[in-house]
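Colleague: Listed in order, the protein sequences are those of chains A and B. The opening position of the first sequence corresponds to residue 844 in the numbering used here, with each subsequent residue numbered one higher. The opening position of the second sequence corresponds to residue 844 in the numbering used here, with each subsequent residue numbered one higher.
2 protein chains.
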Amino acid sequence: MLEEVALAAGGERWESAREMMITDDRLVLKRPLDMHLHLRDGEMLELVAVESARQFAGAVIMPNLVPPVTTLEMLRAYEARILAACGKWGAGFRPLMTMFFKDYSEAELEAARPYLFAVKLYPHGVTTNSESGIHSVRAAEPVLRRMEALGIPLLVHGETGGFVMDREVEFLPVYEWLATTFPRLRIVMEHITTAAAVAMLDRYENLHATVTPHHLVITLDDVAGGLLQPHLFCKPIAKRPEDRDALLAAALAAHPKLMMGSDSAPHPRHAKESCGCAAGVWSAPVLLPRLAELFERHGALGRLQAFVSDNAVRVHGLEVPDREVVLERKPWVVPARWEGPGGDPCVVPWEAGRELAWRVAGE
Amino acid sequence: MLEEVALAAGGERWESAREMMITDDRLVLKRPLDMHLHLRDGEMLELVAVESARQFAGAVIMPNLVPPVTTLEMLRAYEARILAACGKWGAGFRPLMTMFFKDYSEAELEAARPYLFAVKLYPHGVTTNSESGIHSVRAAEPVLRRMEALGIPLLVHGETGGFVMDREVEFLPVYEWLATTFPRLRIVMEHITTAAAVAMLDRYENLHATVTPHHLVITLDDVAGGLLQPHLFCKPIAKRPEDRDALLAAALAAHPKLMMGSDSAPHPRHAKESCGCAAGVWSAPVLLPRLAELFERHGALGRLQAFVSDNAVRVHGLEVPDREVVLERKPWVVPARWEGPGGDPCVVPWEAGRELAWRVAGE
């Protein structure tokens, strides 16, 4: 059985690319993109970067290093380290670089623009390495005006400092204020986790979202409903079943404003399985196989191309390597851990020990 | 300053005991009771039992061993092991023994009655070692009738198999059914965690509750709002701030149907700081000092006696050793861990590393 699936979402430029080859045992994705990725630095970068580079034509690289990426020099140097860490896969992988939100001047933004995909805004202290985040979104108005004028997208970690299950919903009025105050600013609600955030997509033309594969699958029950599972602990925390269902429905429908952003975030195993466990799910090694399985189970495999690429390309007008990634139906068991030289660092992936039906060809 | 605090809650028999000696640096509690305690068995029992025995005149001992306590012989043998593990404190400590709910005959219940405080009911699979729990509360009607006739209290772990934040509230209709179907059965909602459960106390005369000190203090934010804290992970999981506030208000008011039951539940450190972390907070070593601090901060020290003893004595008509436990205002830092011989088992207590203002005298 061979299908040619023409997807519904609009846009002219990418029309020809929005066709996807699916056979019973082969699936070809065109320039898949991970629109939210943590690669860290140093030995961790060396260990994890290749997992993204072999699956994706590009990825939006989060700037929350210590210290965060806030200058063009830091950005270019980090980009070079990333490409070096990707090895042979680097040629087909474009890091879409971001800078950590701060009060950038127009000159700084203009200089950075050719190398900069977007600026990432973290409210203060809500997630890993966000201690430099801002305390008031409204105080950020001047730089947001500059970004709007220059066409630089704003990526937002949208959580308040409130009760953990309410943080995203409490933040939604900030998105509304941003969307209406800066009508030409392209805003991305990063890693949304609630039905309420999904509903926002249809309310404001300039509001878009990424969603992680794990938030399409898990709820708080998977984190803390049985034994506590530190490797599923992330920020924003997984929410209620009705939230997960709304996210999944939007992804399976290839909602044109929703993009796959894994928020894959490696932490050393000892930092996850410990007294104070760091937030983050390291999903990078399993992303496309796990998504293929999920979309196939729901009879939506034909819409995977839009979710993992076309929507992002259209929303952002992206130029990325025109690369095909082939998935084969050959079951494999996700290894229990990935280790650097001498066992350090050691990272446990999402779905460790689980058998997945699809794999990236050539592995 | 010396106060004699006469407490408001009713009851004649214990009138004289419901006075409490408080000075600036000394606090005398009469026969404090822990109405919900896990002591485990073997080496763990040897390590932890003394922590309860030196602070309390008695404790309700949970029967969820492997296999669970379901016969009089098992009960008596476990009681003997507990008293042996209490060492010199055993003389002033009465284990109030329970059996795991099953379809006991009238003869079994009658034979056990002199040695049995209550029967503990676990819905199937909701907590540690509850695999033998029952699948339908209504199927338990015959044995509940027998318990009602014999005056044996029913202790219930009231959670459904639903979404983790909803499990207790979803179970409340079962409590309503129990309270109205067995109007003379004394029912205790164990370790309540929600405002809705607090409200149930005033609705049914035969419905009582225990609450843990940690649920008076923490919310899900403390477990998963910052770094993930496995040592605060327990079942039922800590809920929302408004739930915690309702529990605390009822405890500080010494609600006459609310009793302190710590649900102190030791797990080896390696089972807590691992990939699938077991549920349970080991609070035993800090219970009375931590409660004194909490009640004092809220100006309710005079009601601590009712919360940690008088309410339970009155509700259940208990006979326990007439022992005084003295707390002194001498700050101490809670040790990071308790260890058996050779470091095994190793258990991390609640509030490890925190300075507490009060300590049990003679330590």
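Even for Gly, the Cβ is constructed at its ideal location relative to N, Cα and C.
With a threshold of 8 Å between beta-carbons, can residue 1076 of chain A be considered close to chain B, or not?
Modeller: Against the first sequence, residue 1076 of chain A aligns to sequence position 233. By this cut-off, residue 1076 of chain A is an interface position.
Colleague: Just the chain B side, please: which residues come within less than 7 Å of residue 1068 of chain A by C-beta, in chain order?
Modeller: Working through the first sequence from its first residue, we reach residue 1068 of chain A at position 225. Residues of chain B passing the Cβ test: 1007.
Colleague: Just to make sure I have the definition right: I need the residues of chain A whose C-beta is within less than 7 Å of the C-beta of residue 1121 of chain B. Which are they?
Modeller: Taking the first residue of the second sequence as position 1, residue 1121 of chain B is located at position 278. Per Cβ cutoff of 7 Å: 1070.
Colleague: Decide if the region 992–999 of chain B is in contact with the region 942–958 of chain B; the criterion is three or more beta carbon pairs, one per stretch, under 8 Å apart.
Modeller: yes
Colleague: How long is the line joining the alpha carbons of residue 979 of chain B and residue 1137 of chain A, rounded to whole angstroms?
Modeller: To locate residue 979 of chain B, count along the second sequence from 1; it is residue 136. To locate residue 1137 of chain A, count along the first sequence from 1; it is residue 294. Distance between the alpha carbons of residue 979 of chain B and residue 1137 of chain A is about 34 Å.
Colleague: Could you work out which residue in A:914, A:1062, A:917 and A:1186 is closest to residue 1082 of chain A when comparing CA atoms only?
Modeller: In the first sequence, residue 1082 of chain A corresponds to position 239, counting from 1. Residue 1082 of chain A has its Cα closest to that of A:1062, out of A:914, A:1062, A:917 and A:1186.
Colleague: Return the CA-CA distance between residue 1065 of chain B and residue 1090 of chain A, expressed in angstroms with no decimal places.
Modeller: In the second sequence, residue 1065 of chain B corresponds to position 222, counting from 1. In the first sequence, residue 1090 of chain A corresponds to position 247, counting from 1. Those two C-alpha atoms are separated by around 27 Å.
Colleague: Using 8 Å as the threshold, is the region 906–914 of chain B in touch with the region 925–937 of chain B, meaning 3 or more CB pairs across them?
Modeller: no
Colleague: Under the three-state reduction of DSSP, which class applies to residue 1023 of chain B: helix, strand or coil?
Modeller: As a first step, residue 1023 of chain B must be located in the second sequence, where it is residue number 180. Of the three classes helix, strand and coil, the one that applies to residue 1023 of chain B here is helix, per DSSP.
Colleague: On a Cα-Cα basis, can you pick out the residue from B:903, B:1027 and B:1037 that is closest to residue 1011 of chain B?
Modeller: Within the second sequence, residue 1011 of chain B is the residue found at index 168, counting from 1. The shortest CA-to-CA distance from residue 1011 of chain B to any of B:903, B:1027 and B:1037 is the one to B:1037.
Colleague: Tell me, which residues are paired with residue 1231 of chain B by DSSP?
Modeller: As displayed, chain B neither begins before 844 nor continues past 1206, which places residue 1231 of chain B out of reach and without an answer.
Colleague: How big is the Cα-Cα spacing for residue 880 of chain B and residue 1088 of chain A?
Modeller: Translated into the one-based positions of the second sequence, residue 880 of chain B becomes position 37. Translated into the one-based positions of the first sequence, residue 1088 of chain A becomes position 245. Taking the straight line from one Cα to the other gives about 39 Å.
Colleague: Between the C-alpha atoms of residue 1189 of chain B and residue 1020 of chain A, what's the straight-line distance to the nearest angstrom?
Modeller: Here residue 1189 of chain B refers to the residue found at position 346 when the second sequence is read from its first residue. Here residue 1020 of chain A refers to the residue found at position 177 when the first sequence is read from its first residue. Looking at the two C-alpha atoms, the distance is approximately 52 Å.
Colleague: Does DSSP put residue 895 of chain B in a helix, in a strand, or in coil?
Modeller: Here residue 895 of chain B is taken as the residue at index 52 of the second sequence, counted from 1. In the structure shown, residue 895 of chain B sits in a helix (DSSP, three-state: H, G or I).
Colleague: Alpha carbon to alpha carbon, what distance is there between residue 965 of chain B and residue 811 of chain B?
Modeller: Since the first and last residues shown for chain B are 844 and 1206, residue 811 of chain B lies out of range.
Colleague: Where do the ends of the beta strand (DSSP E) carrying residue 961 of chain B lie?
Modeller: Reading the second sequence from its first residue, position 118 is the one you call residue 961 of chain B. Looking at the DSSP string, the run of the beta strand (DSSP E) that includes residue 961 of chain B is 961–964.
Colleague: Assuming contact is defined by CB atoms lying nearer than 8 Å, are residue 1126 of chain B and residue 1074 of chain B in contact in what I supplied?
Modeller: Within the second sequence, numbered from 1, the residue matching residue 1126 of chain B stands at position 283. Within the second sequence, numbered from 1, the residue matching residue 1074 of chain B stands at position 231. No.
Colleague: Secondary structure at residue 860 of chain A, three-state DSSP: helix, strand or coil?
Modeller: Taking the first residue of the first sequence as position 1, residue 860 of chain A is located at position 17. Low local confidence applies: a pLDDT of 37 at residue 860 of chain A is under 50, so the model's placement there is unreliable, and no value is given.
Colleague: Can you check which of these residues, A:872, A:1101, A:1048 and A:1079, is closest to residue 1013 of chain A by C-alpha distance?
Modeller: Taking the first residue of the first sequence as 1, we reach residue 1013 of chain A at position 170. Among A:872, A:1101, A:1048 and A:1079, the Cα nearest to that of residue 1013 of chain A belongs to A:1079.
Colleague: Taking residue 1117 of chain A as the query, report the chain B residues whose CB atoms sit under 7 Å from its CB, ordered along the chain.
Modeller: Residue 1117 of chain A sits at position 274 when you count from the first residue of the first sequence. Residues of chain B passing the Cβ test: 1116.
Colleague: Beta carbon of residue 949 of chain A, beta carbon of residue 998 of chain A: below 8 Å?
Modeller: Sequence index remark: in the first sequence, residue 949 of chain A carries index 106 (1-based). Sequence index remark: in the first sequence, residue 998 of chain A carries index 155 (1-based). Taking 8 Å as the Cβ cut-off, residue 949 of chain A and residue 998 of chain A do not qualify as a contacting pair.
Colleague: At a Cβ cut of 8 Å, what residues of the region 1079–1094 of chain B count as close to chain A, listed as they run along the chain?
Modeller: 1080, 1083 and 1084
Colleague: Can you tell me whether DSSP reads residue 848 of chain B as helix, strand or coil?
Modeller: Indexing the second sequence from 1 puts residue 848 of chain B at position 5. Unreliable positioning characterises residue 848 of chain B in this predicted model, as indicated by a pLDDT of 35, which lies under 50. A coordinate reading is not provided.
Colleague: Could you name the residues that DSSP lists as bridge partners for residue 1120 of chain B?
Modeller: Here residue 1120 of chain B refers to the residue found at position 277 when the second sequence is read from its first residue. For residue 1120 of chain B, which the question treats as bridged, DSSP gives the partners A:1071.
Colleague: Assess contact between the region 1142–1153 of chain A and the region 1092–1107 of chain A, defined as three or more Cβ pairs (one per stretch) separated by less than 8 Å. Is contact present?
Modeller: Inter-segment contact for the region 1142–1153 of chain A and the region 1092–1107 of chain A is present: three or more beta-carbon pairs are separated by less than 8 Å.
Colleague: Is the beta carbon of residue 1117 of chain B closer than 8 Å to that of residue 1182 of chain A?
Modeller: As a first step, residue 1182 of chain A is located in the first sequence; it is residue number 339 there, counting from the start. As a first step, residue 1117 of chain B is located in the second sequence; it is residue number 274 there, counting from the start. In this structure, residue 1117 of chain B does not lie closer than 8 Å to residue 1182 of chain A by Cβ.
Colleague: Counting only beta-carbon separations shorter than 8 Å, does residue 1064 of chain B have a partner in chain A?
Modeller: The residue given as residue 1064 of chain B occupies position 221 in the second sequence. So, interface residue.
Colleague: Leaving aside the five residues before and after residue 888 of chain A along the sequence, list all residues of the same chain whose C-beta is less than 8 Å from its C-beta, in chain order.
Modeller: For this step, residue 888 of chain A is matched to residue 45 along the first sequence. The residues are 882, 924, 925 and 928.
Colleague: In this structure, how does DSSP classify residue 917 of chain A when only helix, strand and coil are distinguished?
Modeller: The sequence position of residue 917 of chain A within the first sequence is 74, counting from 1. Three-state DSSP puts residue 917 of chain A in a helix.
Colleague: Would you mind giving the Cβ-Cβ distance between residue 983 of chain B and residue 1015 of chain B, rounded to the nearest angstrom? I have them listed as a contact below 8 Å.
Modeller: Position 140 of the second sequence holds residue 983 of chain B. Position 172 of the second sequence holds residue 1015 of chain B. Residue 983 of chain B to residue 1015 of chain B, Cβ: 17 Å. No contact.
Colleague: Using a threshold of 8 Å, state whether the C-beta atoms of residue 1124 of chain A and residue 1193 of chain A are closer than that.
Modeller: On the first sequence, position 281 is the one that residue 1124 of chain A refers to. On the first sequence, position 350 is the one that residue 1193 of chain A refers to. In this structure, residue 1193 of chain A lies closer than 8 Å to residue 1124 of chain A by Cβ.
Colleague: List, in chain order, every chain B residue whose beta-carbon is nearer than 7 Å to that of residue 1128 of chain A.
Modeller: Along the first sequence, one-based indexing puts residue 1128 of chain A at 285. Under the 7 Å cutoff, chain B gives no residues; its nearest Cβ is about 17 Å from residue 1128 of chain A.
Colleague: I'd like the span of the alpha helix (DSSP H) that includes residue 1112 of chain A, first residue to last.
Modeller: On the first sequence, residue 1112 of chain A is found 269 positions in, with the first residue counted as 1. Element bounds for residue 1112 of chain A: 1112–1115.
Colleague: Give the straight-line distance between the Cα atoms of residue 1049 of chain A and residue 1186 of chain B, rounded to the nearest whole angstrom.
Modeller: In the first sequence, the residue the question calls residue 1049 of chain A occupies position 206. In the second sequence, the residue the question calls residue 1186 of chain B occupies position 343. The straight-line gap from Cα to Cα measures roughly 59 Å.
Colleague: Contact criterion: CB-CB distance below 8 Å. Does residue 875 of chain A meet it with respect to chain B?
Modeller: One-based indexing of the first sequence puts residue 875 of chain A at position 32. No, because no Cβ of chain B sits closer than 8 Å to the Cβ of residue 875 of chain A.
Colleague: Nearest by alpha-carbon distance to residue 894 of chain A: which of A:1128, A:1161, A:945 and A:1051 is it?
Modeller: Here the question's residue 894 of chain A lines up with position 51 in the first sequence. It is A:1128 whose Cα lies nearest to the Cα of residue 894 of chain A.
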